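In full-length UniProt numbering, the protein residues as written are 1 to 285.
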């Protein structure tokens, strides 16, 4: 049970998506009234993947807005319409953050590993410590119960808060298990298709793969599926350790009829010409 006296959550509506593009997000007034006077600046967000994000806020007309650092966080985790983000405030300036998609399941967070020497890595598709450390998201079902509870503020006053119940529910996904069995002598990366990847956002993954096999931060690549080829832009962001497919992704996803729950394995079959062979493990029969 998580008390919203020390937490808040945001369900991302259309207007908030526009705010995300501007790099802003407003903290709810109830939380601001309780903690606004003592809230540190910057804040530190800690998702389940072990990363820590520094986010600054400003106060305007009594409202607190997340600004510097928020857009980077939102972009990295592909926050989109319908996502629910739970912020649980702990001591000092730290927030534990959990992100849920429109199906009320916690998202699978991008792989993250602090690596100082990329050249010392083994192939990502080999059974190495790096692969074993790949994040397994604690996928959950989210149930919101509007239960009013009394809590005491620091000045001795009593206030009412809402409690939020997050109950675990494992998700079985046969195609995901099949994708895990994929093996090749070539390097490859795996992307699980989320709702945001089909609604304007680009899929992200660890930049370790891109930095290991490509020299440029912006790279044109070709995706081969069957007898057809699709040109895509591959982008590497050194600031937050992520990479993504850019221009060309929307058309690629549409023509290959990608759906939420599909798992795509991109096998690098030609490093010189930068060609990936695509393997799709469908989430629906």
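We treat Cβ as the ideally placed atom computed from N, Cα and C, and that holds for glycine.
As the structure is a computational prediction, the values presented were derived from the model and not from experiment.
For this session: Assuming residue 223 contacts residue 278 (C-beta within less than 8 angstroms), just tell me the rounded distance between them.
Result: Within the chain shown, numbered from 1, the residue matching residue 223 stands at position 223. Within the chain shown, numbered from 1, the residue matching residue 278 stands at position 278. That pair is a contact at about 5 angstroms.
Problem set entry | Under the three-state DSSP convention, the category residue 170 falls into | As a position in the chain shown, residue 170 is number 170, starting the count at 1. Its pLDDT being 38, under 50, residue 170 is placed unreliably by the model, and the measurement read from it follows with that caveat. Reduced to three states, the DSSP call for residue 170 is coil.
For this session: Taking residue 182 as part of the beta strand (DSSP E), name the residues at either end of that continuous run.
Result: For the purposes of this step, residue 182 is taken as the residue at position 182 of the chain shown. Under the DSSP assignment, residue 182 falls outside any beta strand (DSSP E); it carries neither an H nor an E label.
Exercise. Can you tell me whether residue 190 is buried or exposed, with buried defined as 16 or more other CB within 10 angstroms of its CB?
Worked result: Here residue 190 is taken as the residue at index 190 of the chain shown, counted from 1. It is buried - the Cβ of residue 190 has at least 16 other Cβ atoms within 10 Å.
Problem set entry | Opening and closing residue of the beta strand (DSSP E) in which residue 221 lies | Here the question's residue 221 lines up with position 221 in the chain shown. Residue 221 -> beta strand (DSSP E) spans 218-225.
For this session: Between the Cα of residue 265 and those of 109, 40, 214, 282, spot the shortest distance and give me the residue it belongs to.
Result: The count along the chain shown starts at 1 and reaches residue 265 at position 265. Cα-wise, what sits closest to residue 265 is 282.
Exercise. So residue 213 is in the alpha helix (DSSP H); what residue range does that whole segment cover?
Worked result: Along the chain shown, one-based indexing puts residue 213 at 213. From DSSP, the alpha helix (DSSP H) with residue 213 extends over 207-213.
Exercise. Does the Cβ-Cβ distance between residue 36 and residue 54 come in under 8 angstroms?
Worked result: To locate residue 36, count along the chain shown from 1; it is residue 36. To locate residue 54, count along the chain shown from 1; it is residue 54. No, the Cβ-Cβ distance between residue 36 and residue 54 is not below 8 angstroms.
Exercise. Is residue 197 helix, strand or coil when you go by DSSP?
Worked result: Counting from one through the chain shown, the residue named residue 197 turns up at place 197. Residue state, collapsed to three classes: helix.
For this session: May I ask you to report which of helix, strand or coil DSSP gives residue 68?
Result: Numbered from its first residue, the chain shown carries residue 68 at position 68. Secondary structure at residue 68: coil, using DSSP grouped into helix, strand and coil.
Exercise. According to DSSP, which residues form a beta bridge with residue 286?
Worked result: Outside the shown range of the chain (1 to 285) lies residue 286, about which nothing can therefore be said.
Problem set entry | Whole-Å CB distance - residue 7 paired with residue 87, under 8 angstroms assumed | Looking up residue 7 in the chain shown gives position 7. Looking up residue 87 in the chain shown gives position 87. Contact flag correct, Cβ pair sits at about 6 angstroms.
For this session: Following the continuous beta strand (DSSP E) through residue 96, name the residue where it begins and the one where it ends.
Result: Walking along the chain shown from the start, residue 96 turns up at place 96. Under the DSSP assignment, residue 96 falls in the beta strand (DSSP E) whose first and last residues are 94-100.
Exercise. For residue 11, is the classification buried or exposed, using 16 other Cβ atoms within 10 angstroms of its Cβ as the cut-off for buried?
Worked result: Start at 1 with the first residue of the chain shown, and residue 11 comes out as number 11. With fewer than 16 other Cβ atoms within 10 Å, it is exposed.
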